[in-house]
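Residue numbers (the numbering used here), protein chains in the order written: chain A, 1 to 487; chain B, 1 to 487. Even glycine gets a Cβ: it sits at the ideal position worked out from N, Cα and C. Keep in mind the model is a prediction, meaning the values are calculated, not measured. This report concerns only the one structure given below.
Protein chains: 2
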Amino acid sequence: MESDSSVFEYATRLPNELFRENREKFIKSFRETVPSHQKALLVFKGKDELPIDSTDIDYEIKQESFFYYLFGVQEPGCSAVIDIENQKTYLFFPKLDDIYKLWMKVPSQKEIEELYPDFEHKFLEELEQWVQEFNPSKVYINKGVNSDSGLTTTIPQFKWLDDLTVDDSTMHDILAECRVVKSQLEVKMLELANDITSESHIWTMQQCKPGVRESYLASKFKAFGQEKYNCKILPYFNICACGPNPSTLHYHVNDDILPEVGMCLMDMGHSVHCYGADVTVCYPCNGKFTEKQRQIYDLVMKASRVVMKALRPGVSWVDMHLLAERVNLEGLKELGIVKGDIDEMLEARVGFIFQPHGLGHLIGLDTHDVGGYLPSDPPRSDKWGIKNLRTSRVMEENMVVTVEPGCYFIPSIIKERAVDIGIDIDKYIDVEKAMEYRQEVAGVRIEDGVVITADGCRNLTKVPRSVEQVEACMKGENWKDLPDFKL
Amino acid sequence: MESDSSVFEYATRLPNELFRENREKFIKSFRETVPSHQKALLVFKGKDELPIDSTDIDYEIKQESFFYYLFGVQEPGCSAVIDIENQKTYLFFPKLDDIYKLWMKVPSQKEIEELYPDFEHKFLEELEQWVQEFNPSKVYINKGVNSDSGLTTTIPQFKWLDDLTVDDSTMHDILAECRVVKSQLEVKMLELANDITSESHIWTMQQCKPGVRESYLASKFKAFGQEKYNCKILPYFNICACGPNPSTLHYHVNDDILPEVGMCLMDMGHSVHCYGADVTVCYPCNGKFTEKQRQIYDLVMKASRVVMKALRPGVSWVDMHLLAERVNLEGLKELGIVKGDIDEMLEARVGFIFQPHGLGHLIGLDTHDVGGYLPSDPPRSDKWGIKNLRTSRVMEENMVVTVEPGCYFIPSIIKERAVDIGIDIDKYIDVEKAMEYRQEVAGVRIEDGVVITADGCRNLTKVPRSVEQVEACMKGENWKDLPDFKL
C-alpha cells in the first residue's frame with residue numbers, strides 16, 4: 001500500500017498520461033475496425049450542467065464516463081472532436097463571459113491550455129463552422145445501450161449534424177470494449193481508490209456501535225475520504241444496512257438505528273479521478289459475532305476466496321458465479337439449511353434463493369462498468385440468478401472485477417419466489433431452519449475489487465476479513481498481525 | 001432555541017399537517033381565482049428517479065418543490081390529482097413488483113396509506129382510466145418560468161392529456177404565490193434548519209486553521225448535520241472559500257488550502273423536510289482578525305443590522321438593497337476607498353462594484369424560493385446590481401428572506417466592469433487603496449435567515465457575529481456571553 005502522502009498526491013493530480021493512453025488505445029482500435037476512415041470525424045459531447053428541476057441550483061455532477069475516459073475533462077459544457085485520419089484531438093470549451101466568472105470559478109483560456117496540453121483548443125462557438133470547413137466524409141457518434149440499465153447513451157444534439165452523414169452504430173462497441181481491459185495506470189487508480197476505501201471502512205468500523213444511526217456511519221465513511229484525501233464524489237450511493245436491511249440488496253435509506261443483535265452490511269466506496277472502488281464489509285453491530293453470524297460469514301468468505309483462487313485469464317464469469325453458488329450450497333447443506341444433491345440444487349437454481357444477485361461486475365469509471373454484454377460476448381442466460389450476471393465474459397488479464405458472493409435470508413424469496421420459479425422447496429430447503437438465521441443474519445455480502453493477472457488475480461481491497469481480524473479492528477486493536485481468513 | 005432532542009424529533013418526523021395546510025391554502029386560493037372550476041382536475045407529476053447518464057445508478061434526489069409543497073411525498077414516480085370542486089386529493093403510487101423490492105426499500109401499500117393518511121390512494125397504472133371515467137371539464141397543470149434560472153417547470157407528459165382540455169397558464173402563479181408567505185409550521189421548519197445550520201457552522205469554525213483544505217471544512221459541516229440530526233441532502237452546494245476565492249460569489253470547487261493570512265467565507269446550510277437554511281459566516285483563517293479584515297467585516301455587519309432594523313411589512317426589497325449599498329458606501333468612504341457624494345454614487349451604481357449581487361432572496365423549499373417576480377409584483381429593474389435582485393417585492397408578514405450584504409475587492413470588477421457600466425472610476429474610487437485590501441479580504445458576506453414579523457423581523461440564524469464572539473468561538477471558548485455586534 002502506498003504511503004498516505006503518495007495516495008494523496010495521486011488522488012489530486014490530474015493524470016493526463018492516463019487519458020492519453022486511453023485515447024491512443026481507442027484511436028488504434030477504431031482505425032483497425034474502420035479501415036476506410038479518410039476525412040472522418042468522431043464527435044463527442046461532454047456533460048452540461050444539470051439543474052435541480054427548474055431552479056438555478058445544479059446537481060454535483062461528474063463527467064459522463066465515455067467522455068472522461070477519452071479526454072479527462074471534468075468541466076461541463078465541452079465538446080471534443082477526433083480527426084481519426086490524422087489522429088488529432090480538438091477540445092471545444094464554451095466561451096464564458098465575465099459575469100459568469102464573477103459567480104463561478106472557471107479556468108482561463110491559458111489555464112485550460114496548461115491543464116489539457118494534449119489538445120488543439122477552440123471555443124465551442126466555433127465548432128459548427130470548424131466542422132463545416134473540415135467537410136467530413138462521415139461523422140461518428142457514440143450511441144449504445146448500457147446492458148445494466150437498458151438506457152441509451154446521450155448523443156450529441158447539434159442541428160448541423162442533420163446535414164452530414166452520421167454513423168451512430170459503429171463507435172459504441174469499440175469504445176466500450178476499450179474500457180473493459182484496464183491499462184496499468186487505470187489499475188493504479190483503481191488500486192488507490194481501494195486503498196482509500198479500505199482505510200475509510202476501517203475507520204467506520206471503529207465508530208460502529210448499537211444505538212447509532214446507519215446514516216451516521218455513512219457520513220463517517222464519506223467524511224474520512226473527503227477530509228483525508230479530498231474525495232468528494234462517491235462512485236455510488238452508500239449502502240449502510242443493519243438489522244433486517246442487509247437483505248434489501250441496494251438498501252440506502254440509511255435511517256434505521258443499529259440494534260444490539262444483528263449484522264451491519266456496509267457497501268461503500270470512494271473514487272480517484274472517477275475510477276471507483278466498490279467494497280462491502282459485514283460485521284456484527286455490537287462487535288462480537290454470534291455462532292450463527294460466524295457460520296454464515298465464514299461460508300460467504302469461503303465462497304469469496306474459492307472464487308479468487310480460481311479466477312484467472314480464460315475462466316468464464318458464469319462458471320465463477322456457479323462456483324460461488326456451489327460453495328454457498330455446500331456450506332448451507334452442512335448447516336442443515338438446504339438438503340439434497342448439490343449438482344441437482346445448482347440445476348434447480350436453489351443457489352439463487354440464497355444469493356439472488358450476480359457474483360460481481362466489471363468496475364472502472366462506472367461502478368457497474370460497461371462492456372458486460374458486447375455482441376462478441378456470450379449471450380445473457382435466461383436462468384434465474386445467472387441472468388442477473390452483469391457480464392458473461394471470459395476473463396482476461398487486467399480486467400478489474402468485484403467478487404461479491406453473499407448469503408441472505410429473505411422470507412419472500414425463500415417462501416414465495418422459490419415456488420414461482422419452480423423450486424421444490426420441501427425437497428431442498430428447510431425453511432424453518434433458514435428462518436432461524438433471519439434475526440441475527442439478514443444477509444452477508446463480502447465484496448472485494450480484484451484485478452486479473454497473467455496467472456491468477458490480485459485483491460486490491462485491504463480490509464480485515466477473518467472473524468478475528470474484524471472483531472479486533474472494531475475494538476481499535478491491532479488486527480493486521482492476526483491470521484487472515486484461510487480456506 | 002429548541003433542545004437537541006426536540007430539534008431531532010422535528011427533523012425526522014414527517015409533518016403531514018404542514019403539507020395539509022399548504023394544500024388547503026392553495027385549494028382555497030385556486031377556487032377563489034378560478035370560480036368556475038366544476039369538474040376540473042389539477043394534475044401533478046412528481047419526480048422520477050434520475051439516472052446518472054446511461055448507467056443504472058441514480059442521483060440522490062429530493063422531490064420537486066411544488067409537488068413536495070402540496071403533498072409532502074418524497075418517493076419517486078408518483079402522480080397526484082386534486083379534484084378541485086370536491087377538494088379531494090388522490091395520490092397515485094407506482095405498482096412495484098417483488099423483484100424491485102428485493103433491490104430497493106419501498107413502502108408497502110399499507111405503509112403508504114399510513115404514511116400519507118390524507119389522500120385517496122390509487123396505483124399510477126390506474127391514473128389514465130380514472131381520469132377518463134372522471135371525465136374532467138378541464139385539466140390544469142403547473143407550467144411556469146423560474147425567475148432566477150429562466151427554466152420552465154417540468155410538466156406532466158401523459159399522452160392522454162392530448163385528448164383533454166388542458167390549461168397550463170393559470171396554476172403556476174397561484175401556486176408560487178402561496179409559497180411566498182410562509183405558514184407558522186413552515187417558519188418552524190425554517191427555524192429548525194437555521195438551528196442545525198448554526199450549530200454546524202460553529203462546529204466547523206472550531207475545526208478551522210491554516211493548512212487545512214476548504215473541502216475538509218465543507219465535510220465537517222455536512223457531517224455534523226448528518227451525524228447529529230440525520231440531515232442528508234444539502235439545500236445547495238457548499239461554498240467554502242478562502243484566500244482569493246470569496247470573491248467568486250458561488251465558488252464551490254473547495255480544493256484550496258487555507259493560507260495563514262486571508263479570510264474564509266463559508267456559505268452553507270442544512271435543511272429540514274426540504275425547508276433550507278442559507279447562512280454565511282466569515283472569519284480569518286488563523287482565527288485573529290487583522291485591522292483591515294475587521295474594518296470590512298464590521299462594515300458589512302453594519303449593513304446587515306441596519307437592514308434588519310428597517311425590515312418590516314410594507315418596505316420594498318429594492319429599498320432594502322439600496323440601504324445596504326448606502327451603508328457599504330458610507331463605510332468605504334470612511335476608509336478612503338470611495339470618495340464623493342453618497343447619493344451620487346448610489347445613482348452611478350458604485351455600490352454594485354463592491355457588492356455585485358442582490359441583498360438576498362426568498363427562501364423555503366427552494367434556496368432561491370419561487371415567487372420573486374410574479375405578474376403582480378413590481379417589474380425587474382434594468383440598473384446594475386438592482387437587476388440582480390431575486391425579488392422586487394414589498395415585504396409581508398411571514399415572508400422569510402436571507403439578508404446577505406457583502407463587500408468584495410474584485411480587480412476585474414473594480415477596474416474593468418466599472419468602466420463598462422459607465423462609472424467614472426477616477427471620480428469615485430481609489431483603486432490603489434481598494435487593492436490594498438485584496439490579499440487580506442477578498443470578500444466578506446454576512447448572511448442570515450430572517451422572518452418578517454408584524455412590526456419588524458426576527459433573525460433565525462444564531463451564530464457568533466461580533467468580532468469578539470467569532471474569535472472566541474474559533475478558540476473553542478464561551479462566546480455567547482460576549483457582546484453581540486452593536487450598531
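### Query
Shorter than 8 Å from the beta carbon of Y373/B to some beta carbon of chain A?
For this step, residue 373/B is matched to residue 373 along the second sequence. False, the Cβ-Cβ gap to chain A never drops below 8 Å.
| said: List, in chain order, every chain B residue whose beta-carbon is nearer than 8 Å to that of A223/A. | reply: Taking the first sequence and counting its residues from 1, one reaches residue 223/A at position 223. For A223/A, the chain B residues whose Cβ falls inside 8 Å of its Cβ are S219, K220, K222 and A223, in order along the chain.
Margin query: Please identify, using Cβ separations under 9 Å, the residues of the segment 249 to 264 of chain B that lie next to chain A, in order along the chain.
Written below: Those would be L249, H250, Y251, H252, V253, N254 and D255, in chain order.
message = Starting from G243/B, trace the beta strand (DSSP E) in both directions and tell me its first and last residue.
response = Sequence index remark: in the second sequence, residue 243/B carries index 243 (1-based). Counting along the chain, G243/B sits inside no beta strand (DSSP E), nor does DSSP assign it H or E at all.
Exercise for review: Could you check if R305/A is buried or exposed, using at least 16 other CB atoms within 10 Å of its CB as the buried criterion?
Suggested key: Numbered from 1 along the first sequence, position 305 holds the residue referred to as residue 305/A. Result: buried.
Give, in chain order, every residue of the segment 42 to 59 of chain B whose Cβ lies closer than 9 Å to some Cβ of chain A.
Within the segment 42 to 59 of chain B, the residues whose Cβ lies closer than 9 Å to some Cβ of chain A are K47, L50, P51, I52, D53, S54, T55, D56, I57, D58 and Y59, listed in chain order.
Fill in: Closest by C-alpha distance to P259/B, when choosing among I52/B, E440/B and G72/B
Here residue 259/B corresponds to residue number 259 of the second sequence, with the count starting at 1. Measuring C-alpha to C-alpha distances from P259/B to each of I52/B, E440/B and G72/B identifies E440/B as the nearest.
Looking at the strands, I want to know which residues DSSP matches up with S271/B. Locating residue 271/B in the second sequence gives position 271, counting from the first residue. For S271/B, which the question treats as bridged, DSSP gives the partners G276/B.
**Run of the beta strand (DSSP E) containing G443/B, from where it starts to where it stops** = Sequence index remark: in the second sequence, residue 443/B carries index 443 (1-based). G443 to R445 is the extent of the beta strand (DSSP E) around G443/B.
| field | Residues of the segment 97 to 119 of chain A whose Cβ lies closer than 7 Å to any Cβ of chain B, in chain order | value | Residues are counted here when their Cβ sits less than 7 Å from a Cβ of chain B; for the segment 97 to 119 of chain A these are D98, L102, W103, M104 and K105, given in chain order.
With a threshold of 8 Å, are at least 3 pairs of Cβ atoms found where one atom belongs to the segment 104 to 122 of chain A and the other to the segment 143 to 153 of chain A? Between the segment 104 to 122 of chain A and the segment 143 to 153 of chain A there are fewer than three C-beta pairs closer than 8 Å, too few to call the two in contact.
As a quick exercise: from V166/B, L151/B, F134/B and Q157/B, pick the residue whose alpha carbon is nearest that of Y140/B.
If you number the second sequence from 1, residue 140/B lands on position 140. Of the candidates V166/B, L151/B, F134/B and Q157/B, V166/B places its Cα closest to the Cα of Y140/B.
Q. Which of helix, strand or coil does DSSP assign to E396/B?
A. The sequence position of residue 396/B within the second sequence is 396, counting from 1. Looking at E396/B - three-state DSSP - the assignment turns out to be coil, as it is neither helix nor strand.
- Message: The beta strand (DSSP E) that contains I27/A, what's its start and end?
- Response: For the purposes of this step, residue 27/A is taken as the residue at position 27 of the first sequence. For I27/A, no beta strand (DSSP E) encloses it; the enclosing alpha helix (DSSP H) starts and ends at N16 to T33.
Practice prompt. Can you pull the chain B residues whose beta carbon is under 9 Å from the beta carbon of N230/A, in chain order?
Written response: Here residue 230/A is taken as the residue at index 230 of the first sequence, counted from 1. By Cβ distance, chain B contributes R213, S215, Y216, N254 and D255.
State the beta-bridge partners of N459/B as determined by DSSP. For the purposes of this step, residue 459/B is taken as residue 459 along the second sequence, with counting starting at 1. N459/B pairs with V450/B.
### Message
For L488/A and D256/B, I'd like the C-alpha separation in whole angstroms.
### Response
An answer regarding residue 488/A cannot be provided, because it is not within the stretch 1 to 487 covered by chain A.
- request: Could you have a look at T154/A and say whether DSSP puts it in helix, strand or coil?
  value: Taking the first residue of the first sequence as 1, we reach residue 154/A at position 154. Of the three classes helix, strand and coil, the one that applies to T154/A here is coil, per DSSP.
| query | CB-CB under 6 Å to L96/B, same chain, minus the five flanking residues each way: which ones, in chain order? | reply | Translated into the one-based positions of the second sequence, residue 96/B becomes position 96. Shown here for L96/B: same chain residues with a beta carbon closer than 6 Å to its own, the five before and five after excluded, namely V106 in chain order.
Worksheet item: For chain A, is any of its Cβ atoms less than 8 Å away from the one on P405/B?
Response: Taking the second sequence and counting its residues from 1, one reaches residue 405/B at position 405. Taking 8 Å as the threshold, the shortest C-beta distance from P405/B to chain A does not fall below it.
inquiry  = Under DSSP, the beta strand (DSSP E) around D83/A begins and ends at which residues?
reply    = Taking the first sequence and counting its residues from 1, one reaches residue 83/A at position 83. For D83/A, the uninterrupted beta strand (DSSP E) segment begins and ends at S79 to D83.
Tell me which residues share the same chain as H368/A and place their Cβ nearer than 7 Å to its Cβ, disregarding the 5 neighbours each side in the sequence. On the first sequence, position 368 is the one that residue 368/A refers to. If the five residues before and after H368/A are omitted, its C-beta is found closer than 7 Å to the C-beta atoms of D148, H361 and R390, all from its own chain and listed in chain order.
Evaluate E9/B with the Cβ neighbour count: other Cβ atoms within 10 Å of its Cβ, from every protein chain shown; 16 or more gives buried, anything less gives exposed.
Looking up residue 9/B in the second sequence gives position 9. Here E9/B is exposed: its Cβ has fewer than 16 other Cβ atoms, across all protein chains shown, within 10 Å.
Requested in this report: Could you tell me which chain A residues have their CB closer than 8 Å to the CB of I413/B, listed as they occur along the chain?
Outcome: As a working note, residue 413/B is residue 413 in the second sequence. Neighbours of I413/B on chain A, chain order: L102.
State the start and end residues of the unbroken beta strand (DSSP E) segment that holds C473/B.
Here residue 473/B corresponds to residue number 473 of the second sequence, with the count starting at 1. For C473/B, there is no enclosing beta strand (DSSP E); the residue is found in the alpha helix (DSSP H) stretching over V467 to M474.
*Pick helix, strand or coil for M266/B, following the three-state DSSP scheme.*
Walking along the second sequence from the start, residue 266/B turns up at place 266. Strand at M266/B.
Where do the ends of the beta strand (DSSP E) carrying T89/B lie? Position 89 of the second sequence, counted from the start, is the residue given in the question as residue 89/B. Judged by DSSP secondary structure, T89/B falls within the beta strand (DSSP E) whose first and last residues are K88 to F93.
> For L496/B, which three-state DSSP category applies?
Replying inline: Since the first residue shown for chain B is 1 and the last is 487, residue 496/B is missing from the structure and cannot be characterised.
Is it the case that the CB of G371/B approaches a heavy atom of the ligand ZN more closely than 7 Å?
This structure simply doesn't include the ligand ZN, nor any ligand for that matter.
Distance, Q207/A Cα to L265/A Cα = For the purposes of this step, residue 265/A is taken as the residue at position 265 of the first sequence. For the purposes of this step, residue 207/A is taken as the residue at position 207 of the first sequence. Linking L265/A to Q207/A through their CA atoms gives a straight-line distance of about 14 Å.
Q: Could you run through the segment 133 to 164 of chain B and flag, in chain order, every residue whose CB is less than 7 Å away from some CB of chain A?
A: From the segment 133 to 164 of chain B, only N146, D148, S149, L151, T152, T153 and T154 have a Cβ closer than 7 Å to chain A.
Would you list the residues sitting across from D58/B in a DSSP beta bridge?
-> For the purposes of this step, residue 58/B is identified with residue 58 of the second sequence, where counting begins at 1. As computed with DSSP, D58/B is found in a beta bridge with P51/B.
query = Could one say the Cβ of R417/A lies closer than 8 Å to chain B's Cβ atoms, at least one of them?
reply = Position 417 of the first sequence, counting from 1, holds the residue named residue 417/A. Using beta-carbon distances, R417/A counts as an interface residue toward chain B, with a partner under 8 Å.
**Asked** If you drop the 5 nearest sequence neighbours on each side, which residues of the same chain put their C-beta closer than 6 Å to that of I82/B?
**Response** The residue you call residue 82/B lines up with position 82 of the second sequence. So the list reads L42 and T89, once near-sequence residues are dropped.
Whole-angstrom distance between R31/B and V490/B, CA atom to CA atom: As displayed, chain B neither begins before 1 nor continues past 487, which places residue 490/B out of reach and without an answer.
Report task. On a CA-only basis, which of V300/A, R445/A and A310/A is nearest N245/A? Give me that one, please. Result -> The sequence position of residue 245/A within the first sequence is 245, counting from 1. Of the candidates V300/A, R445/A and A310/A, the one whose C-alpha sits nearest the C-alpha of N245/A is R445/A.
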